[in-house]
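Engineer: Using our numbering, you'd call the opening residue of the sequence shown number 23 and step up by one each time. Each residue gets a CB set at the ideal place from its N, CA and C atoms; glycine is no exception. A single structure is presented below for examination.
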Amino acid sequence: MMGMDISKEKCRYCGEQAKYFQFATFICEKDECAERAMEDRGGPAGHIKEKMEREAQKKQGCR
Ligand SMILES: [Zn+2]
């Protein structure tokens, strides 16, 4: 990782200057690109969010 020059990398999603290496890809500083990278990776946050939304709907359905 030390030899990696992020200033030469571009965001995988919008093509702008990469700012971070996260979720196994280069992304810029925009939240939407980070979220897309996370979704593509199938990250834990995505699963948790989906589960929470499903549970929330379940609770609403009981009323
Ligand atoms: Zn981007």
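1) Note the first and the last residue of the continuous beta strand (DSSP E) segment covering C43.
2) Alpha carbon to alpha carbon, how far is Q79 from E72? Give it in angstroms, no decimals.
3) May I ask you to list the residues that DSSP assigns as paired with Q39?
4) Under 7 Å Cβ to Cβ from A46, same chain only, skipping five residues before and after it: list those, please.
5) Give every residue of the same chain whose Cβ lies closer than 8 Å to the Cβ of G37, excluding the five residues on either side of it in the sequence, and list them in chain order.
Structural biologist: In short, the structure shows the following:
1) Position 21 of the sequence shown, counting from 1, holds the residue named residue 43. Per the sequence presented here, residue 43 reads as Phe, with Cys not at that position. First-last of the beta strand (DSSP E) with F43: Y42 to Q44.
2) Here residue 72 refers to the residue found at position 50 of the sequence shown. Here residue 79 refers to the residue found at position 57 of the sequence shown. For E72 and Q79, the distance between alpha carbons rounds to 11 Å.
3) One-based indexing of the sequence shown puts residue 39 at position 17. K32, per the DSSP bridge assignment.
4) Position 24 of the sequence shown, counting from 1, holds the residue named residue 46. Only R63 meet the Cβ criterion.
5) For the purposes of this step, residue 37 is taken as the residue at position 15 of the sequence shown. Cβ within range, chain order: n/a, list empty.
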